[in-house]
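Residue numbers (this note's numbering): 13 to 208.
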């Protein structure tokens with residue numbers, strides 16, 4: 013027998029999966045409401061990047077990001093070989109909510125100088141800056157994100173001008189899940205203002 017007593021207790025718990033099912037449905041509905049709010053924001057912003065999905069978006073679930081399930085909304089979104097322009101709203105069970113702007117290739121090019129100009133606004137909003145070599149991680153450990161206030165201005169400018177991608181993120185504790193739509197919309201509005 014390799015299962016501990018704690019493991020057996022979890023295995024026998026008949027309350028967990030019905031609760032998880034109900035919570036998962038609520039999270040998907042919350043992300044759907046956020047998508048509607050972001051859609052309203054996009055009506056007044058003609059995106060300067062072609063090929064961005066501003067109509068459907070995508071909500072999906074996963075079982076194992078760093079051993080935790082997750083729910084996410086990609087909206088607006090463009091992921092292809094030539095570029096990325098995406099707002100990813102992500103709930104990592106047991107961790108946090110994050111609201112991330114991912115710009116890469118054609119999705120980054122029109123905004124390089126605008127991001128540099130917007131640094132002070134991003135600092136005031138307690139934005140996190142991805143310092144990883146890969147854009148496909150979303151955890152807030154030091155090898156992936158650092159608070160923008162910890163990034164030297166010259167390092168920030170260099171990454172904006174020369175980097176292959178930029179990722180900016182804000183996080184919200186799970187205990188504040190009731191604020192997701194407002195916080196996500198506010199974060200998108202902040203990023204939109206910085207790119208305009």
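The C-beta atom is built at its ideal place from N, Cα and C for all residues, glycine as well.
Would you say residue 28 touches the ligand GTP, meaning its beta carbon is less than 7 Å from a heavy atom? The ligand GTP is absent from the structure shown, which contains no ligand whatsoever.
query: Should residue 129 be labelled buried (16 or more other beta-carbon atoms within 10 Å of its own) or exposed?
result: Residue environment: residue 129 is assigned as exposed (fewer than 16 neighbouring CB atoms within 10 Å of its CB, all protein chains considered).
- Message: Going by C-alpha to C-alpha distance, which of 70, 168, 53, 78 sits closest to residue 197?
- Response: Considering only alpha carbons, the answer is 53.
**OP:** Grab me the residues of residue 28's own chain with a C-beta within less than 8 Å of its C-beta, minus the 5 sequence neighbours each way, in chain order.
**Re:** Setting aside the 5 residues that flank it on each side, residue 28 is surrounded in the same chain by 22, each with a C-beta closer than 8 Å to its C-beta; the list follows chain order.
- Query: Where in the segment 59 to 126 do unbroken runs of the beta strand (DSSP E), each at least 3 residues long, occur, reported from the N-terminal end onward?
  - Reply: Fully enclosed beta strand (DSSP E) runs of no fewer than 3 residues occupy 70 to 77, 80 to 92, 95 to 104, 108 to 117 of the segment 59 to 126, in order along the chain.
Under the three-state reduction of DSSP, which class applies to residue 173: helix, strand or coil?
The answer is helix: DSSP assigns residue 173 an H, G or I state.
Distance, residue 171 Cα to residue 199 Cα = If you draw a straight line from the Cα of residue 199 to the Cα of residue 171, it is about 21 Å long.
(Q) Quick check on the DSSP output: the beta strand (DSSP E) that includes residue 158 runs from which residue to which? (A) According to the DSSP assignment, residue 158 belongs to the beta strand (DSSP E) that extends over 157 to 159.
Report task. Under 8 Å Cβ to Cβ from residue 88, same chain only, skipping five residues before and after it: list those, please. Result -> Contacts found: 50, 54, 59, 64, 65, 66, 69, 97, 98, 99.
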